[in-house]
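Engineer: Please see the structure below; I have some questions.
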Amino acid sequence: MTAKRIDGKAAAADVRASAGRAAAFFRASTGRPVGLATVLVGEDPASEVYIRSKRVACGEAAMESFHYALPADTSEADLLGLVARLNADPAVDGILVQLPLPSHMDAARVIDAINPDKDVDGFHVVNAGRLAVGDPAALVPCTPLGCLHLLKAELGDLSGKHAVVIGRSNIVGKPMAMLLLAESCTVTIAHSRTRDLPALAREADILVAAVGRPEMVRGEWVKPGATVIDVGINRVAGAEPRKTRLVGDVAYSGAAEVAGAITPVPGGVGPMTIAMLLRNTVVAAHRRSGLPAPEGL
Ligand code: NAD
Numbered sequence: 182m183t184a185k186r187i188d189g190k191a192a193a194a195d196v197r198a199s200a201g202r203a204a205a206f207f208r209a210s211t212g213r214p215v216g217l218a219t220v221l222v223g224e225d226p227a228s229e230v231y232i233r234s235k236r237v238a239c240g241e242a243a244m245e246s247f248h249y250a251l252p253a254d255t256s257e258a259d260l261l262g263l264v265a266r267l268n269a270d271p272a273v274d275g276i277l278v279q280l281p282l283p284s285h286m287d288a289a290r291v292i293d294a295i296n297p298d299k300d301v302d303g304f305h306v307v308n309a310g311r312l313a314v315g316d317p318a319a320l321v322p323c324t325p326l327g328c329l330h331l332l333k334a335e336l337g338d339l340s341g342k343h344a345v346v347i348g349r350s351n352i353v354g355k356p357m358a359m360l361l362l363a364e365s366c367t368v369t370i371a372h373s374r375t376r377d378l379p380a381l382a383r384e385a386d387i388l389v390a391a392v393g394r395p396e397m398v399r400g401e402w403v404k405p406g407a408t409v410i411d412v413g414i415n416r417v418a419g420a421e422p423r424k425t426r427l428v429g430d431v432a433y434s435g436a437a438e439v440a441g442a443i444t445p446v447p448g449g450v451g452p453m454t455i456a457m458l459l460r461n462t463v464v465a466a467h468r469r470s471g472l473p474a475p476e477g478l
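Heads up: the sequence shown runs through residues 182 to 478, numbered per this note's numbering.
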């Protein structure tokens, strides 16, 4: 069997278009654009690239972005002061503090200073709690939300399926498990201490790999016909000297021989993350303004 390749780019384009339409409706209804504040502390090149692409995506969806680039030696108190100002700013619907923060800052304290209703990354403990108890007010982390979107588009009803999520991070693994549980999957969370992971993975109808280990999940780990979602983004040496390439946590070609459907890297989960950031921002704007939830998002 050769698995269907799940096209995350196309799915992300659809979500971005819906977010753009909702942003236009918001502007027509309220007289102001949806606003996203992005905060970058220091000059980490990867973070600069991420922030730039998020801001470009915002512009394409006719949302406004307000960018704050702070020097690496900014004090935590100054950053908390900025977060407080953004919380109080009516033009700001979403606040994104790019992680990682410099080591002299406590990232959890900074994230938890964000108004949960503007926490469009969904990392605040209040949003984690809302997700855990099934509160629809939750803003859900963008990457697992994007994975769920792809899974529902591929499989429709997920109820009763056995989902194995490899990885238990607060930003991917745990919220992914919560989302699948809310869809009435039987969910197993696997991690670095899990025994006989290949055998466990082989039981999965839905296998989500969010580990950060290049091509760890092999074809032999995949149940025939399973749907495989590869969250991993790993840069490895390329075929030519000094060239690198991106691979996922799943060994694509082997897994694609067994799976029913699989996301590639790049072009699978990655594009969904920014699309879901736009979705969360426009949804947060609607909620804050008392407008009904935007259609299709
Ligand atoms: P993390 O390092 O916080 O968590 C990794 C998890 O994998 C941990 O819970 C750990 O228990 C588990 N793990 C580690 N080694 C293992 C092993 N040998 N067997 C089983 N489990 C093991 O990482 P994260 O932030 O959750 O990210 C995971 C991957 O997803 C990374 O490659 C990251 O780059 C990628 N990622 C992609 C996106 C995207 O937009 N596509 C977003 C976030 C993260």
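In this text, a Cβ means the ideal position worked out from N, Cα and C, and glycines have one as well.
Quickly, what does DSSP pair Leu217 with across the bridge? List them, please.
Structural biologist: As a first step, residue 217 is located in the sequence shown; it is residue number 36 there, counting from the start. Paired residues: Ser246, Gly275.
Engineer: Could you tell me the alpha carbon to alpha carbon distance between Met397 and Ala432, rounded to whole angstroms?
Structural biologist: Counted from its first residue, the sequence shown places residue 397 at position 216. Counted from its first residue, the sequence shown places residue 432 at position 251. Met397 and Ala432: Cα-Cα distance of roughly 7 Å.
Engineer: Quick one: what's got a C-beta closer than 7 Å to Ala334's C-beta in the same chain, skipping five residues either side?
Structural biologist: As a first step, residue 334 is located in the sequence shown; it is residue number 153 there, counting from the start. Taken in chain order, the residues that qualify are Ala192.
Engineer: Less than 8 Å between the CB atoms is what I'm expecting for Ala474 and Asp298, so what's the real figure, rounded?
Structural biologist: Within the sequence shown, residue 474 is the residue found at index 293, counting from 1. Within the sequence shown, residue 298 is the residue found at index 117, counting from 1. Actually they are not in contact, since the Cβ atoms of Ala474 and Asp298 sit about 14 Å apart, beyond 8 Å.
Engineer: DSSP puts Leu388 in a beta bridge; with which residues?
Structural biologist: Sequence index remark: in the sequence shown, residue 388 carries index 207 (1-based). DSSP lists Val345, Val409 as partners of Leu388.
Engineer: So what's Leu282 in DSSP terms, helix, strand or just coil?
Structural biologist: Taking the sequence shown and counting its residues from 1, one reaches residue 282 at position 101. In this structure, Leu282 counts as coil in the three-state DSSP scheme.
Engineer: What is the DSSP secondary structure of Leu251, counted as helix, strand or coil?
Structural biologist: For this step, residue 251 is matched to residue 70 along the sequence shown. Strand, per DSSP.
Engineer: Cβ-heavy atom distance between His372 and the ligand NAD below 6 Å?
Structural biologist: For this step, residue 372 is matched to residue 191 along the sequence shown. Checking the Cβ of His372 against the ligand NAD gives yes.
Engineer: How far does the beta strand (DSSP E) with Thr324 in it reach, from first residue to last?
Structural biologist: Within the sequence shown, residue 324 is the residue found at index 143, counting from 1. First-last for Thr324: 323-336, but that is the alpha helix (DSSP H), not the beta strand (DSSP E).
Engineer: Please confirm whether Leu221 and Ser228 have their CB atoms less than 7 Å apart.
Structural biologist: In the sequence shown, the residue the question calls residue 221 occupies position 40. In the sequence shown, the residue the question calls residue 228 occupies position 47. Yes.
Engineer: Can we count Thr425 as close to the ligand NAD, meaning its CB is less than 6 Å from some heavy atom?
Structural biologist: For the purposes of this step, residue 425 is taken as residue 244 along the sequence shown, with counting starting at 1. Outside the cutoff, so no.
Engineer: Give the C-beta separation of Val417 and Arg423 to the nearest angstrom, bearing in mind that I take them to be a contact with Cβ-Cβ under 8 Å.
Structural biologist: For the purposes of this step, residue 417 is taken as residue 236 along the sequence shown, with counting starting at 1. For the purposes of this step, residue 423 is taken as residue 242 along the sequence shown, with counting starting at 1. Not really, about 13 Å apart at Cβ, beyond 8 Å.
Engineer: Rounding to the nearest angstrom, what Cα-Cα distance links Ala436 and Trp402 in this structure?
Structural biologist: Here residue 436 refers to the residue found at position 255 when the sequence shown is read from its first residue. Here residue 402 refers to the residue found at position 221 when the sequence shown is read from its first residue. Near 8 Å, if we compare the C-alpha coordinates of Trp402 and Ala436.
Engineer: Enumerate in chain order the residues of its own chain whose CB-to-CB distance from Ser340 is below 8 Å, with the five nearest sequence positions on each side excluded.
Structural biologist: Here the question's residue 340 lines up with position 159 in the sequence shown. Only Glu364, Ser365, Cys366 meet the Cβ criterion.
Engineer: Express the C-alpha separation of Ala407 and Glu476 in angstroms, rounding to a whole number.
Structural biologist: One-based indexing of the sequence shown puts residue 476 at position 295. One-based indexing of the sequence shown puts residue 407 at position 226. Roughly 31 Å separates the two Cα atoms.
Engineer: Could you please give the first and the last residue of the uninterrupted beta strand (DSSP E) stretch that includes Thr369?
Structural biologist: Taking the first residue of the sequence shown as 1, we reach residue 369 at position 188. Its beta strand (DSSP E) spans residues 367-371.
Engineer: Using a Cβ-Cβ cutoff of less than 6 Å, which residues in the same chain neighbour Ile387 once the five nearest sequence positions on both sides are dropped?
Structural biologist: Residue numbering aside, residue 387 sits at position 206 when the sequence shown is read from its first letter. If we look at Ile387 and ignore the five residues flanking it on each side, its Cβ neighbours are Lys342, Ala344, Thr408.
Engineer: If you count every other CB in all the chains shown that lies within 10 Å of the CB of Arg266, and 16 or more means buried, which is it?
Structural biologist: In the sequence shown, residue 266 corresponds to position 85, counting from 1. Arg266 comes out exposed.
Engineer: Using CA atoms only, rank isn't needed, just tell me which of Val321, Gly201, Leu378 is closest to Leu463.
Structural biologist: In the sequence shown, residue 463 corresponds to position 282, counting from 1. Strictly speaking, residue 463 in this sequence is Val, with Leu absent from that position. Measuring from the Cα of Val463, the nearest candidate turns out to be Gly201.
Engineer: Using only the alpha-carbon positions, how far apart do Ile370 and Leu329 sit?
Structural biologist: Reading the sequence shown from its first residue, position 189 is the one you call residue 370. Reading the sequence shown from its first residue, position 148 is the one you call residue 329. Approximately 16 Å between the Cα atoms of the pair.
Engineer: Ordered along the chain, which non-local residues of its own chain (more than five positions away) have a Cβ less than 6 Å from that of Met457?
Structural biologist: Taking the first residue of the sequence shown as 1, we reach residue 457 at position 276. Same-chain partners within the cutoff: Cys323, Leu326, Gly327.
Engineer: Output yes or no for whether 7 Å exceeds the beta carbon distance between Leu312 and Val321.
Structural biologist: Translated into positions along the sequence shown, residue 312 becomes position 131. Translated into positions along the sequence shown, residue 321 becomes position 140. Going by C-beta atoms, Leu312 is nearer than 7 Å to Val321.
Engineer: Considering only the beta carbon of each residue, do Gly441 and Ala184 sit closer than 7 Å?
Structural biologist: In the sequence shown, counting from the first residue as 1, residue 441 sits at position 260. In the sequence shown, counting from the first residue as 1, residue 184 sits at position 3. Cβ distance < 7 Å, so Gly441 and Ala184 count as in contact.
Engineer: Name the DSSP beta bridge partners of Leu427, please?
Structural biologist: Taking the sequence shown and counting its residues from 1, the one referred to as residue 427 is at position 246. DSSP, once it has assigned bridges, lists Arg416 as partnering Leu427.
Engineer: Among the candidates Leu360, Val392, Met359, whose CA atom is the shortest distance from the CA of Thr375?
Structural biologist: Mapped onto the sequence shown, residue 375 falls at position 194. It is Val392.
Engineer: Quick one: is the Cβ of Thr444 within less than 6 Å of any heavy atom of the ligand NAD?
Structural biologist: Position 263 of the sequence shown, counting from 1, holds the residue named residue 444. Flag unset: Cβ of Thr444 not near the ligand NAD.
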